[in-house]
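Report on the structure given below.
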Amino acid sequence: MPPDRVQTSNAQGRQKSCFECAKAKRKCDLQQPNCLRCTRQRLTCTYPSQPHTSDSRKTTTEPGLEEASLIEELFDPMVELPFDLEIPDVAAAPDLELLNHIPNESMPLTSLEQGENTVREFLGREVSGVPSRIARYPSAKSVQNLLASELFESRIGYSTELWKRAPRMMVEETCTPWSHPNLYEELMPRSMQDAFAACSLYISRTDINAKFVLRHITDRAHVLVEQPIPTMPVEVIAQAQAVLLYQFMLICSDDFRYYRQTQTLLPQLKELSSSLYFLVTDDQTKDQDHAATLPLYPSSTARAAWLSFIFRESCRRTLLAVCHAVSICTLLAGDLVVCNDFMSIGNCVTLSTALWEAKSPLDFAIAWNEKNHFLVEELDFSEVLRLANASDVDVFGRMLMVGLMGADDVRGWLRTKGGKL
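Here my numbering = 1-based position in the sequence shown + 2.
Structure (structure tokens):
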């Protein structure tokens, strides 16, 4: 700590963020009188009072001394940094419980009740108390062992293959497993337009233009991250899908220059997951999930139901895709924490290949009336496993099932139903 700074005279350190953002370890935009995050989440926004010291810092210093002072402040525990060096708490991560059972007894464990119960079931023994700050950082060896394990490949391999195909699928088919082909038929927000252009560059990259493509993708991603979370539903879902595409391009490029940028997008994905969650749980059209039949004539009713389904299910799937991606990317970064399932509570998704692939209101109405469709609530696939045929479960549903059950069990179930993974 620099000699002119003592704890008693500077109780708040260099904290500038409001107390709510500091407590949640989120970036604060420092707006007055209330920051954007507190305004959006209806929190009480209170900034720390500025400490008064008798000795003011000099406005000009020698270059060498200034750099030395910055280095000292970096390791000063009383200084609030503009970025977070600590692994986020389990309760703050909007992740799905897709990766709970990690077979590594040396991994750090939290003493949260949910984490204790899960690990007790797996290890069959008592869990130790809260580890120290240093103990919470996993060793490189434990991460390498996990990433090389058959369990990791069984739960994650199918998802990563879909991630690799997502940019090309968006360019060639204007869709992904979580974004309906007709979602942007009438309007594509600017965030998605930029991501679409980046995907086009990405799938056409060569050894010669790879550096230019990397610079363009990272620049577009950083511009998007600096934007506030939108309030219009179509803008929220578009921004979330755009960030997902940037993240997948950075991760799946097989180029270390891309991968080093991935952690900059995770905070934005977590913020977007909260906005998507409220869109999903407050959806006024969700009663249509239980509609008995749809009339084929006049077509206006079927058209309204089809358009509502397109947006509603794209929003639901995007939320689950974001949470799934955050879980996996957090794990890839070496953060071996127990995932929490907060975002699955109150969430649901309709699984039906026929409904998702319907090309018109008439096709949709026929599929709704005559084909199987399953409303999976809070990731409970028991009805699907009991009653569905292999052809009823589309690619997105299979991705979720593989993450929850493992590839071998899903392959076995599909085999009994006359299909394959």
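Note that the Cβ used here is the ideal one computed from N, Cα and C, for glycine as well. Since we're looking at a predicted model, the values are computed, not measured.
Inter-residue Cα distance where the pair is Arg28 and Ala327: Each residue's CA atom was taken as its position, placing Arg28 and Ala327 some 19 Å apart.
Helix, strand or coil at Thr295 [DSSP, three-state]: Thr295: coil per DSSP, three-state reduction.
Burial state of His224, where buried means 16 or more other Cβ atoms lie within 10 Å: Label assigned to His224: exposed.
Any non-hydrogen atom of the ligand NAD within 7 Å of Ala200 CB: Of the ligands one can find in the structure shown there are none, so the ligand NAD has no counterpart to examine.
Lys422, buried or exposed, once every other Cβ within 10 Å from all chains shown has been counted against 16: Exposed, since its Cβ has fewer than 16 Cβ neighbours within 10 Å.
Alpha carbon of Gln265 to alpha carbon of Cys325, nearest angstrom: Cα to Cα, the separation comes out at about 15 Å.
Start and end residues, alpha helix (DSSP H) containing Val215: Membership of Val215 in the alpha helix (DSSP H) is indicated by the continuous run Ala212 to Glu228.
Local conformation of Thr303 per DSSP, three classes: Residue state, collapsed to three classes: helix.
Backbone CA spacing between Ser302 and Ser310 [nearest angstrom]: The alpha-carbon atoms of Ser302 and Ser310 are separated by roughly 12 Å.
First through last residue of the alpha helix (DSSP H) which encompasses Glu22: Here the alpha helix (DSSP H) through Glu22 covers Phe21 to Ala26.
C-beta atoms of Leu274 and Val245 nearer than 8 Å: Contact: yes.
Secondary structure of Phe366, DSSP reduced to three states: Helix.
Contained alpha helix (DSSP H) runs [length at least 4] in the region 376-411, N- to C-terminal order: Restricted to the region 376-411, the alpha helix (DSSP H) segments that are unbroken, complete and at least 4 residues in length are 384-389 and 397-407, listed in chain order.
Classification of Thr233 by the beta-carbon crowding that lies within 10 angstroms, buried from 16 upward: Result: exposed.
Residues sharing a beta bridge with Val425, DSSP: It is not possible to answer for residue 425, since the shown part of the chain is limited to 3 through 423.
Segment contact flag, the region 161-176 with the region 188-205, C-beta cutoff 8 Å, min 3 pairs: The way I'd put it, the region 161-176 does touch the region 188-205; three or more beta-carbon pairs between them come closer than 8 Å.
For Pro1, the nearest candidate out of Lys272, Leu389, Ile312 and Pro179 (CA to CA): Outside the shown range of the chain, which is 3 to 423, sits residue 1, and nothing can be said about it.
Continuous alpha helix (DSSP H) stretch holding Tyr2: start and end: Given that the chain is displayed from residue 3 to residue 423, the structure contains no residue 2 and the question cannot be resolved.
According to DSSP, residues forming a beta bridge with Thr178: DSSP output for Thr178 lists Ser181 as bridge partner(s).
Inter-residue Cα distance where the pair is Val386 and Met190: As the crow flies, the alpha-carbon of Val386 is around 33 Å from that of Met190.
Local conformation of Tyr49 per DSSP, three classes: DSSP places Tyr49 in coil when its eight states are reduced to three.
Contact under 8 Å by Cβ, Gln286 with Ala307: In this structure, Ala307 does not lie closer than 8 Å to Gln286 by Cβ.
Extent of the continuous alpha helix (DSSP H) run through Met234: Here Met234 belongs to no alpha helix (DSSP H), and DSSP marks it neither H nor E.
Three-state secondary structure (DSSP) of Pro35: Note: Pro35 maps to coil in three-state DSSP.
Selected residue, minimal CA-CA separation from Ala294, among Tyr248, Ile368, Glu228 and Glu380: Considering only alpha carbons, the answer is Ile368.
Buried or exposed by the 16-neighbour rule on C-beta atoms within 10 Å, applied to His54: Because the pLDDT of His54 is 49, which lies under 50, any placement of that residue in the model is unreliable, and the question is left without a value.
Cβ neighbours of Pro183 in the same chain (closer than 7 Å, five flanking residues each side left out): Counting only Cβ-Cβ distances below 7 Å, and skipping sequence neighbours, we find Glu175, Thr176 and Cys177.
For Leu281 and Cys30, the rounded distance between their alpha carbons: Straight-line Cα distance between these residues: approximately 23 Å.
Within 8 Å, strictly: CB atoms of Ser161 and Val351: Contact: no.
Glu359 - DSSP class collapsed to helix/strand/coil: Looking at Glu359 - three-state DSSP - the assignment turns out to be coil, as it is neither helix nor strand.
CB of Val397 within 8 Å of CB of Pro179, strictly: In this structure, Val397 lies near Pro179, with their beta-carbon atoms less than 8 Å apart.
Classification of Lys1 by the beta-carbon crowding that lies within 10 angstroms, buried from 16 upward: The question about residue 1 has no answer, for the chain in this structure spans 3 to 423.
For Gln241, three-class secondary structure by DSSP: Assigned with DSSP and collapsed to three states, Gln241 falls in helix.
Burial state of Asn211, where buried means 16 or more other Cβ atoms lie within 10 Å: Residue burial annotation: Asn211 is exposed, with fewer than 16 other C-beta atoms found within 10 angstroms of its C-beta.
Assumed close pair Ser393, Thr332 - CB separation to whole angstroms, cut-off 8 Å: Taking C-beta atoms under 8 Å as the contact rule, Ser393 and Thr332 fail to qualify, at a distance of about 34 Å.
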